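Report on the structure given below.
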Amino acid sequence: MSFFRLIARLDVKAPNLVKTIKLEGLRVVGNPRDRAVDYYRQGVDEILYMDIVASLYGRNSLVDVVRETAREIFVPITVGGGIRSVEDARALFNAGADKVALNTAAIADPEVISRIADRFGNQAVVLSVEAKHQPDGTWEAYYDNGRERSHRNAVDWVREAVDRGAGEVLVTSVDREGTRKGFDLDLMAAMHDAVSVPVVASGGMGSVDDLVAVAKRADAACMADCLHFNRLTLPEIRDGARAAGVNARPL
Numbered sequence: 004m005s006f007f008r009l010i011a012r013l014d015v016k017a018p019n020l021v022k023t024i025k026l027e028g029l030r031v032v033g034n035p036r037d038r039a040v041d042y043y044r045q046g047v048d049e050i051l052y053m054d055i056v057a058s059l060y061g062r063n064s065l066v067d068v069v070r071e072t073a074r075e076i077f078v079p080i081t082v083g084g085g086i087r088s089v090e091d092a093r094a095l096f097n098a099g100a101d102k103v104a105l106n107t108a109a110i111a112d113p114e115v116i117s118r119i120a121d122r123f124g125n126q127a128v129v130l131s132v133e134a135k136h137q138p139d140g141t142w143e144a145y146y147d148n149g150r151e152r153s154h155r156n157a158v159d160w161v162r163e164a165v166d167r168g169a170g171e172v173l174v175t176s177v178d179r180e181g182t183r184k185g186f187d188l189d190l191m192a193a194m195h196d197a198v199s200v201p202v203v204a205s206g207g208m209g210s211v212d213d214l215v216a217v218a219k220r221a222d223a224a225c226m227a228d229c230l231h232f233n234r235l236t237l238p239e240i241r242d243g244a245r246a247a248g249v250n251a252r253p254l
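Residue 49 in the numbering used here sits at position 46 of the sequence shown; the count goes up by one each step and never skips.
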């Protein structure tokens with residue numbers, strides 16, 4: 004059985020590490036490379052870098068950050084934001100990224116998923132979906148860091164993306180992001196039931212109990228607020244999760 008992965012999510016608005024609430028507003032909380040190195044030393048399983056304005060401005064500015072980080076840490080790095088082509092993905096892989104996360108570009112041109120997967124392998128492509136709960140009980144996929152509606156059912160979109168070659172799905176609950184109210188368990192369960200690839204839960208972690216709850220509905224969990232503001236350390240999270248029966252990697 005695979006270990007449940009603990010992933011540090013670092014949202015970047017160059018050159019700063021920032022934190023949002025429901026993907027709106029932001030607070031500068033540090034240097035992205037320095038925080039990634041710190042979390043690596045604490046025993047994180049993976050790092051996720053998300054450029055939260057790259058798609059809005061049509062560029063990706065994380066190549067240098069990834070290159071600097073990859074020199075100092077030895078866990079997988081996933082990068083999202085502004086990746087529109089095989090060439091964009093190649094630049095990040097050459098800098099040291101292990102996976103690229105696609106959202107805005109994939110909604111505009113779903114075939115970009117297949118093009119990147121065909122070139123670098125399904126394991127290198129993550130579909131990032133920003134899901135917002137709708138009055139009818141479903142979830143809609145949003146893009147541009149939660150600013151724009153896609154008018155696509157989020158669960159249906161994830162199924163299509165996996166069929167096109169995405170080897171992993173990053174599911175961010177827009178409603179829970181930054182709230183510390185716990186993951187949207189219904190959303191994560193729906194996604195986990197919909198696809199056979201790993202599902203990464205993001206948005207809302209406020210306690211170890213939140214992680215324990217989502218571990219039954221996902222293969223990994225992202226954490227940001229609780230780490231960035233020193234409310235929990237990775238050893239505390241890992242030890243608490245393992246004590247509760249989560250199959251997290253022992254250190």
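Idealized CB from N, CA, C, for every residue including glycine. Here the structure is a predicted model, which means the values were calculated and not measured.
- Between residue 187 and residue 209, the C-beta gap is not smaller than 8 Å, which leaves the two residues out of contact.
- Residue pairing by DSSP puts residue 19 in a beta bridge opposite 16.
- Around residue 145, the same chain offers 133, 135, 151, 152, 153 and 177 as residues with beta carbons nearer than 7 Å, after the five sequence neighbours per side are excluded.
- Considering only 233, 179, 51 and 214, the residue with the shortest C-alpha distance to residue 246 is 214.
- By the criterion of a C-beta distance shorter than 7 Å, residue 191 is surrounded in its chain by 174, 202, 204, 217, 220 and 221, once the five residues flanking it on both sides are discounted.
- Judged by DSSP in its simplified three-state form, residue 156 adopts strand.
- By the Cβ neighbour-count rule, residue 241 is buried, with 16 or more other Cβ atoms within 10 Å of its own.
- Beta-bridge analysis with DSSP links residue 49 to 10.
- Counting along the chain, no beta strand (DSSP E) covers residue 75, and no H or E run does either.
- Here the C-alpha atom of residue 168 lies approximately 30 Å from the C-alpha atom of residue 17.
- Its chain contains 236, 237 and 238 as the residues whose beta carbon lies nearer than 7 Å to that of residue 45, once the 5 sequence neighbours on both sides are disregarded; these appear in chain order.
- Annotation: the segment 108–151 contains the following complete segments of the beta strand (DSSP E) (minimum length 3 residues), in chain order: 128–136 and 142–146.
- Look at residue 245 here: in three-state DSSP terms it is helix.
- Around the beta carbon of residue 85, 16 or more other beta carbons sit within 10 angstroms, so the residue counts as buried.
- As DSSP reads the structure, residue 54 sits in a beta bridge with 15.
- Between the alpha carbons of residue 228 and residue 114 lies a gap of roughly 34 Å.
- For residue 105, the pairing in a beta bridge is given by DSSP as 130.
- Sequence-distant partners of residue 79 (beyond 5 residues in either direction) whose C-beta falls short of 6 Å from its own C-beta, in its chain, are 49 and 101.
- Burial check for residue 7: the Cβ neighbour count within 10 Å reaches 16 or more, so the residue is buried.
- The continuous stretches of alpha helix (DSSP H) do not include residue 235, and DSSP gives it neither H nor E.
- Residue 172 is a Cβ neighbour of residue 200, given a cutoff of 8 Å.
- Each residue's CA atom was taken as its position, placing residue 182 and residue 22 some 11 Å apart.
- Assignment of residue 95 by DSSP, reduced to helix, strand and coil, places it in the helix class.
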